[in-house]
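In the working numbering, the protein residues as written are 46 to 286. Here is the structure we will look at, set down as structure tokens.
Structure (structure tokens):
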């Protein structure tokens, strides 16, 4: 039992939850923040958990222009631990592919999808551990893993079993350069948005009304990402580790 409670994931549950007099303003959480959990799940509330305490200690050991107090987005260094669980799920999927070849283990993928998604939802709705993507809680690891296995089963059945492949070419372009796609989305997003506004103006994205402007701009940005990746695909430029 001591080994279980000593696990890094369980340490978040053992760390004291924020009390009624907790100073939320000191950790960058606004007074009207609507997303705090109550009960046992409050151990994972924004910037009031073990991960926040660890970052205040660890990040201030490093040379900084000013003292670290909190991450405005609520991101945590310790989130790399449950993220490793997501990596292991992907590794397991690949092993199942290789072990079953040339067949496709669609049934295994579906069973895994149901079990993982159900486990994540159970943890969330029982209040044991909430589903929070931003800090990659264990419940999110399980739930998102289940959703990914659902998509893996569906795509494997349509493409590999039924042989319907032509429609998937846009996805192939992205999948063949997933590292490049990730970097483009995180490093070039603001530049691409600004360029679209400068060269095309604002009115084009308001063609269906101002309420849908963010959607139209998002579509234009995603199309730009894809065209860049298509250019790389045609020239066989692939970023790999």
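Positions of the beta carbon are idealized from the N, C-alpha and C atoms, including for glycine. For clarity, every value in this text was computed on a predicted model and none was experimentally measured.
Query raised in the report: Of the residues 266, 57, 90, 151, which one's Cα is nearest the Cα of residue 67?
Result: 90
Query raised in the report: So, using beta-carbon positions, are residue 172 and residue 96 closer together than 9 Å?
Result: Cβ distance not < 9 Å, so residue 172 and residue 96 don't count as in contact.
Query raised in the report: Less than 9 Å separating the beta-carbons of residue 191 and residue 160?
Result: yes
**Report entry** Distance, residue 152 Cα to residue 158 Cα
**Finding:** 10 Å
**Report entry** For residue 60, the nearest candidate out of 87, 133, 82, 175 (CA to CA)
**Finding:** 87
Query - Buried or exposed by the 16-neighbour rule on C-beta atoms within 10 Å, applied to residue 25 - result: An answer regarding residue 25 cannot be provided, because it is not within the stretch 46 to 286 covered by the chain.
**Report entry** Backbone CA spacing between residue 102 and residue 123 [nearest angstrom]
**Finding:** 12 Å
Query raised in the report: residue 86: beta carbon under 8 Å from a heavy atom of the ligand GTP?
Result: Inclusion of the ligand GTP in the displayed structure is not the case, the ligand content being empty and no account of it being possible.
Query raised in the report: In terms of alpha-carbon separation, which member of 238, 224, 239 lies closest to residue 277?
Result: Taking only the C-alpha atoms, the option nearest residue 277 is 224.
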